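Here the sequence shown is numbered in my numbering, starting from 483 and rising by one per residue.
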Amino acid sequence: MGLNVLLINPNRMKRPPVIPIGLEYLATALENYGHEVTIIDLCFVSSPIKKLDNLLEKEIYDIIGFSIRNIDSSIYFNNEFYLPEFKKLIDCIKKYKTPVILGGSGFSAMPNEIMEYLQADYGIIGPGEIIFPQFLELWQANKLTSNIFNGWNYGIDNKLTHSRGKKVNYQQYLANDGIVGFSTHTGCQNQCPYCIEANTNISFKKIANIVSEIEFLVNLGYHHFHLCDSEFNEDLNFSIEFCETIAKKSLPLKWTLYMKPYPYNKRLFQYLHESKAYLITLSVDSDKRIQNLNNYSYDDLVKIIDYCNRYDIDLAIDLCTGYPHESIESTREMLEFFKKNRPKT
483 MGLNVLLINP NRMKRPPVIP IGLEYLATAL ENYGHEVTII DLCFVSSPIK KLDNLLEKEI
543 YDIIGFSIRN IDSSIYFNNE FYLPEFKKLI DCIKKYKTPV ILGGSGFSAM PNEIMEYLQA
603 DYGIIGPGEI IFPQFLELWQ ANKLTSNIFN GWNYGIDNKL THSRGKKVNY QQYLANDGIV
663 GFSTHTGCQN QCPYCIEANT NISFKKIANI VSEIEFLVNL GYHHFHLCDS EFNEDLNFSI
723 EFCETIAKKS LPLKWTLYMK PYPYNKRLFQ YLHESKAYLI TLSVDSDKRI QNLNNYSYDD
783 LVKIIDYCNR YDIDLAIDLC TGYPHESIES TREMLEFFKK NRPKT
């Protein structure tokens, strides 16, 4: 039996604001199983609790999905902790006796602790497109054996084509310097010790479906895109094929992406350029122990900078330094390297 599901985006960060594409993807998956899905986006709402309360007074939902993208603002000198505000929203929901299932990358960072703090009913770690519908089936049949489920074991439904931009007001985001996002896969096989997605199962979407999603958004009038994969170049052949397919479509767009320093080759940068990618944000560690874990060195950074220059792609560096037991010399070496090898950014 189809359920009436409410998905909540409580993320109110606006520097820049981030369109909740995870909820859009989840909505497609749930609707594919016959469920009715509503998204309430609280990003630009002046009184989130009042907005939610008014909705719950008017409409009865069988279950509510609550997405936690960030736990805090991650700003060292002025950090803001978001969970107290989220707890107020959860407390508002509890007045209506509706079960709450948590998800999102922030929740996945510390699921047990957040479940306890927010006093929610259930939670999903990682991607929810397959596990959430399965959870609902078990929940309806009263056959649940756990209250937290690992979505990494299930991945995403690569058969789905997502027609987005219907349940979320993109115009508010674009007016505040937001960018329309999309993804090609979930998971990452890198071994970064600090990352919640390290060594997680990879689930690739079908390239034809990704391109259809982008074409749909372009036809709605959106032309500036940001890739929301952890790292685009998880599989070199897949990445090149995607770029080549986008390039052949000659769509009126430009896009930006995250990459890791390995794997890569000249063809990747050639097709990135032809697909109108204009900016790469490269994830770099100064600690050579982590570089070794992820199969790259300073030589690779030199080559990547050269390829970006050759193919007219701007390059920004996300530098992680100061890992526990890393030497100050390691940090100094990386800073000196980028002084001598300045990226085009």
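Beta carbons: idealized from backbone N, C-alpha and C, even for Gly.
Since the structure is predicted, the reported quantities are computational estimates derived from the model, not experimental observations.
CB-CB length for residue i against residue j, believed under 8 Å
i: alanine 602; j: isoleucine 572; result: 6 Å
i: threonine 638; j: glutamate 595; result: Reading off the sequence, residue 638 comes out as isoleucine, not threonine. The pair is not a contact, with the Cβ atoms about 26 Å apart (cut-off 8 Å).
i: arginine 494; j: cysteine 525; result: 5 Å
i: isoleucine 546; j: isoleucine 575; result: 6 Å
i: tyrosine 753; j: glutamate 726; result: 5 Å
i: leucine 783; j: valine 766; result: 7 Å
i: alanine 729; j: serine 757; result: 4 Å
i: asparagine 701; j: lysine 742; result: Asparagine 701 to lysine 742, Cβ: 32 Å. No contact.
i: glycine 504; j: glycine 586; result: 7 Å
Three-state secondary structure assigned by DSSP to residue i
i: lysine 579; result: coil
i: valine 487; result: strand
i: isoleucine 607; result: strand
i: lysine 736; result: strand
i: valine 662; result: strand
i: glutamate 679; result: coil
i: valine 527; result: coil
i: glycine 633; result: helix
i: threonine 803; result: coil
i: tyrosine 543; result: coil
i: threonine 520; result: strand
i: threonine 763; result: strand
Pairwise C-alpha distance: residue j and residue i
i: glutamate 562; j: isoleucine 550; result: 14 Å
i: asparagine 552; j: tyrosine 740; result: 18 Å
i: isoleucine 787; j: isoleucine 762; result: 10 Å
i: valine 519; j: glycine 484; result: 10 Å
i: isoleucine 521; j: isoleucine 490; result: 6 Å
i: asparagine 658; j: glutamate 506; result: 20 Å
i: asparagine 514; j: threonine 668; result: 20 Å
i: glutamate 567; j: aspartate 554; result: 11 Å
i: lysine 687; j: serine 812; result: 38 Å
i: isoleucine 531; j: lysine 569; result: 10 Å
i: leucine 817; j: cysteine 670; result: 27 Å
i: tyrosine 676; j: aspartate 800; result: 14 Å
i: serine 712; j: asparagine 624; result: 35 Å
i: glycine 516; j: asparagine 640; result: 18 Å
i: serine 809; j: asparagine 632; result: 36 Å
i: proline 492; j: tyrosine 793; result: 40 Å
i: aspartate 781; j: proline 745; result: 13 Å
Test item: CB-CB of residue i and residue j under 7 Å
i: leucine 709; j: valine 662; result: no
i: histidine 706; j: proline 734; result: no
i: lysine 826; j: cysteine 790; result: yes
i: asparagine 683; j: tryptophan 621; result: no
i: glycine 450; j: methionine 597; result: The chain is shown only over 483 to 827; residue 450 falls outside these bounds and no answer can be derived.
Short CB-CB distance (under 7 Å) between residue i and chain D
i: tyrosine 578; result: Here chain D cannot be found, since the structure has a single protein chain.
Residue i CB to nearest heavy atom of the ligand HEM below 6 Å
i: lysine 821; result: Within the structure as shown, the ligand HEM is missing, as the structure has no ligands at all.
Please give me, in chain order, every unbroken run of the beta strand (DSSP E) with length at least 3 that falls completely inside the segment 665 to 730. Listed in chain order, the complete beta strand (DSSP E) runs (minimum 3 residues) inside the segment 665 to 730 are 706 to 709.
My parser needs the alpha helix (DSSP H) runs of 4 or more residues fully inside the segment 546 to 601; what are they? DSSP runs (the alpha helix (DSSP H)) wholly in the segment 546 to 601: 565 to 576, 587 to 591, 593 to 600.
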